[in-house]
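For reference, the structure discussed in these notes is given below.
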Amino acid sequence: MSSSTSSSSPRPPGSGEIVAGCLSPHPPHLVYASNPQQNEPKSSGAGAWKSLLDGYESLRKSLEDREFDVIVVHTPHWKTRVGHHFLGVPKFEGLSVDPIFPNLFRFHFDLQVDVPLAEAIHQEAAQEGLVTSMMRNPEFRVDYGTITSSYLVRPELDIPIVAISSARSYFDYSNEVGEREMLALGRATRRAVEQSGRRALLLASCSLSHRHFTEEPEDPEDPAFEHIHNGNQEAWDRHVMKLMQEGQCAQLLEQMPDFIEQAVSECKDGSLTWLLGALGVPDFPATVHGYGTVIGTGNAVVEWDMRKAQVPAGDQA
Amino acid sequence: MSAKGKIVGSFVVPSRPHALLAPDRSPAWQRLHDAYAEMAADIRALKPDLLLIFSTRWVSIIGHQMQADPKPKFWVVDEDFHELGTLHYDLNIDVAFAERYREAAQARGLTARTVAYEGFPIDVGSITALNLLNPDGAIPAGIVSCNIYSDRTETLVLGKAAADAVEASGKRVVAISVTAMSNRMFTEWIDPVQDRIHSAKDDEWNRKLLELLEEGRLEDVSQLAREFSRQANGDSKLKAIWWLAALSGQSNDYRGKVYAYEPIWGTGAALVGLTPQAGAGGDLEYDEDDTEVFRGDRNVLATEASESAAKPS
Numbered sequence: 001m002s003s004s005t006s007s008s009s010p011r012p013p014g015s016g017e018i019v020a021g022c023l024s025p026h027p028p029h030l031v032y033a034s035n036p037q038q039n040e041p042k043s044s045g046a047g048a049w050k051s052l053l054d055g056y057e058s059l060r061k062s063l064e065d066r067e068f069d070v071i072v073v074h075t076p077h078w079k080t081r082v083g084h085h086f087l088g089v090p091k092f093e094g095l096s097v098d099p100i101f102p103n104l105f106r107f108h109f110d111l112q113v114d115v116p117l118a119e120a121i122h123q124e125a126a127q128e129g130l131v132t133s134m135m136r137n138p139e140f141r142v143d144y145g146t147i148t149s150s151y152l153v154r155p156e157l158d159i160p161i162v163a164i165s166s167a168r169s170y171f172d173y174s175n176e177v178g179e180r181e182m183l184a185l186g187r188a189t190r191r192a193v194e195q196s197g198r199r200a201l202l203l204a205s206c207s208l209s210h211r212h213f214t215e216e217p218e219d220p221e222d223p224a225f226e227h228i229h230n231g232n233q234e235a236w237d238r239h240v241m242k243l244m245q246e247g248q249c250a251q252l253l254e255q256m257p258d259f260i261e262q263a264v265s266e267c268k269d270g271s272l273t274w275l276l277g278a279l280g281v282p283d284f285p286a287t288v289h290g291y292g293t294v295i296g297t298g299n300a301v302v303e304w305d306m307r308k309a310q311v312p313a314g315d316q317a
Numbered sequence: 001m002s003a004k005g006k007i008v009g010s011f012v013v014p015s016r017p018h019a020l021l022a023p024d025r026s027p028a029w030q031r032l033h034d035a036y037a038e039m040a041a042d043i044r045a046l047k048p049d050l051l052l053i054f055s056t057r058w059v060s061i062i063g064h065q066m067q068a069d070p071k072p073k074f075w076v077v078d079e080d081f082h083e084l085g086t087l088h089y090d091l092n093i094d095v096a097f098a099e100r101y102r103e104a105a106q107a108r109g110l111t112a113r114t115v116a117y118e119g120f121p122i123d124v125g126s127i128t129a130l131n132l133l134n135p136d137g138a139i140p141a142g143i144v145s146c147n148i149y150s151d152r153t154e155t156l157v158l159g160k161a162a163a164d165a166v167e168a169s170g171k172r173v174v175a176i177s178v179t180a181m182s183n184r185m186f187t188e189w190i191d192p193v194q195d196r197i198h199s200a201k202d203d204e205w206n207r208k209l210l211e212l213l214e215e216g217r218l219e220d221v222s223q224l225a226r227e228f229s230r231q232a233n234g235d236s237k238l239k240a241i242w243w244l245a246a247l248s249g250q251s252n253d254y255r256g257k258v259y260a261y262e263p264i265w266g267t268g269a270a271l272v273g274l275t276p277q278a279g280a281g282g283d284l285e286y287d288e289d290d291t292e293v294f295r296g297d298r299n300v301l302a303t304e305a306s307e308s309a310a311k312p313s
């Protein structure tokens, strides 16, 4: 991979850009199945999630021809009810144990945070009228969604990140309020990236349909167990992916509240809408690198390559 | 132990850490902090062998998880209120009880497992409760998760399984539900001194439930939980009350005590104690179904093909 860090390639303020945006779901199962040295549990390799692992491999290969200085992640697993929070400590390291799947994910991580960019997005978000906060407690545990998506896109974990929490606006108010907030947060992210001079890769760390099975087979990776929870979920997932592939993200946003409710979608945590807002609501085709299920949920690995954008995306949002 | 174990007291405490980490910032949080001290003394007087916690802040998906690390020692920071500081913990968990509870849950048809991993993030609600009610860790604890998909039926069965485990253990057990009452929060930064219940409606509903609890009518509150949650945005459907009522015998035969009722960032934060008292509750008129064994989701979305595939040949 040819990506470089910000310290090696300083660029003047105002020349920043989003190089790509990705839907990069975070089932910890995928890290487990990859058997990295940092993760304590080891998988059987039975292959239940191969389509998604292949999807991530395809995405990583696709990103090889672009350089980025920072990875900006919006994560559903840092849930905040008082606005939108941003990691504001330069370095985190430690052990992340998933409270839901501790049998699969006990990951030793070491992450660098691009605090200046986080602060810039925080300020731009405040300009949009959003409630915001910088997280300055060095003992804070970085959530496993951030770690998982970052790892699966960049296993070296050698590029600084910005992590943004998932405000509960959809839950506390309505899907429509949530959508408005996330589009505003996306616009703020885009402006901050452009002003910073950074080349940013954006990750929306969420599944599509999100109804889990509540049981797990003896081998969690047993392919015989895995399928999308029910036909309704899969039909919605495929419809949403089709809209992405056809460049119809404006229509996707119109249907998002229905999708969220009818497919119990994790998009209710706002990550995908944030991404679409930051990308200027793409009207160009996305690449679906992979689609598959993890414990019943529907997950797609999707890339919007900003070189395909026809017009300045900020004008479209 | 040969004698049957029993619940000697049932308690409700809030799920947020403000009374522990920042009581001096708000008169309301200070009153909660003081009430914890009073509750802690009452709990000690009951001479329990175990504090058994159900926390809405520990969510699970794969059934129900029971903490089984004998000495979990780590730290946790609240997702919203990280600036209040870090909660360090060094707990004393009753592993034998956790295993017994898992077995009892499985015997009633539930998916359940124990978890014991270094660095497991024990939830803020449980840590706050144990820190304020059992600061020296002298009383062993048990903690069970709150499954996001479980509804009343499954949660009742989880409570009854806890009762099975308590009885078989021979122990004197205090049950503690960690939950907010109304769970509507202010979604902006407020002056803690000005903290109040988010709305008058939430406040009225909270007070109604607390009036019932003060009369010892725990099962009546369990029966009202759905309506309360609809009206006042109850914390996790008030599952913690379903669990507590089922574990405590599904009756109104308690002596109730409301130690405090205050806001935490708009939510209803109450400290309530219920101790068994025969004949206290009066006549009951229950509307909800009762269930002894969990038989799984109804699987109404399954296709014929998946149904036949699931059946043994």
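These protein sequence lines map, in sequence, to chains A and B. So the first sequence is numbered by our numbering: it starts at 1 and just counts up by one. So the second sequence is numbered by our numbering: it starts at 1 and just counts up by one. Ideal Cβ placement from N, Cα and C applies to all residues, glycine included.
Residues of the segment 98-125 of chain A that bring their beta carbon within less than 9 Å of a beta carbon in chain B comprise D98, P99, I100, F101, P102, N103 and R106, in sequence order.
Under the Cβ criterion (8 Å, minimum of three pairs), the segment 223-236 of chain A does not count as touching the segment 190-197 of chain A. Counting the other CB atoms within 10 Å of its CB gives P263(B) a total of 16 or more, which places it among the buried residues. When only Cα atoms are considered, S15(B) and A309(A) end up about 47 Å apart. For R57(B), the closest alpha carbon among the candidates A240(B), Y261(B), T275(B) and A270(B) is that of A240(B). Rounded to whole angstroms, Y117(B) and K201(B) show a C-alpha spacing of 42 Å. By the criterion of at least three beta-carbon pairs nearer than 8 Å, the segment 164-176 of chain B is in contact with the segment 94-103 of chain B. Closer than 7 Å to the CB of G109(B) there is not a single CB belonging to chain A. For D78(B), the closest alpha carbon among the candidates L51(B), P70(B) and D123(B) is that of D123(B). Put simply, the backbone Cα of G268(B) is about 21 Å away from that of S174(A). In chain order, G142, V173 and A175 place their CB closer than 6 Å to the CB of L52(B), counting only its own chain and leaving out the 5 sequence neighbours on each side. Sixteen is the threshold: when 16 or more other Cβ atoms of the shown chains lie within 10 Å of the Cβ of H289(A), as they do, the residue is buried. One finds I100 in chain A with Cβ atoms closer than 7 Å to the Cβ of S60(B), taken in chain order. Excluding sequence positions up to five before and after A232(B), its CB lies within less than 6 Å of the CB of S182, D202 and W205, all in the same chain and listed in chain order. Residue-level contact by beta carbon holds for W78(A) and chain B, with a gap shorter than 7 Å. What N137(A) touches in chain B, judged by beta-carbon distance under 8 Å, is V77, H82, E83, G85 and T86, going in chain order.
Listed along chain B are D80, T187, E188 and W189, each with a C-beta nearer than 9 Å to that of G83(A). For L279(A) against I18(A), the beta-carbon gap comes to about 7 Å, under 8 Å, which counts as contact. At least one beta carbon of chain B lies nearer than 7 Å to the beta carbon of H212(A). In this structure, D195(B) lies near S26(B), with their beta-carbon atoms less than 7 Å apart. Secondary structure at P263(B): strand, using DSSP grouped into helix, strand and coil.
Contact of V115(B) with chain A is assigned, a C-beta pair being separated by under 7 Å. By the rule that beta-carbons nearer than 7 Å mark a contact, F228(B) does not touch chain A. Among the residues of chain B, those whose CB is under 7 Å from the CB of F140(A) are V77 and H82, following chain order.
Rounded to the nearest whole angstrom, the C-alpha separation of L59(A) and S150(A) is 12 Å. For E216(A), the chain B residues whose C-beta falls within less than 7 Å of its own C-beta are I62, listed in chain order. Residue burial annotation: S15(A) is exposed, with fewer than 16 other C-beta atoms found within 10 angstroms of its C-beta. Linking R255(B) to E261(A) through their CA atoms gives a straight-line distance of about 43 Å. Annotation: I43(B) is outside any beta strand (DSSP E); the continuous alpha helix (DSSP H) that includes it extends over P27 to A45. D203(B): member of the alpha helix (DSSP H) spanning A200 to E214, first to last residue.
At least 7 Å separates the CB of L279(A) from every CB of chain B.
Here DSSP, grouped into helix, strand and coil, assigns D151(B) to coil. Just measuring C-alpha positions, the residue of G5(B), Y259(B), G279(B) and T291(B) sitting nearest K47(B) is G5(B). Using a C-beta cut-off of 8 Å, the segment 76-89 of chain A makes contact with the segment 119-127 of chain A, since at least three inter-stretch Cβ pairs fall below that distance.
Excluding residues up to 5 positions away in sequence, R108, G109, L110, T153, E154 and V157 lie with their Cβ nearer than 7 Å to the Cβ of F294(B) in the same chain.
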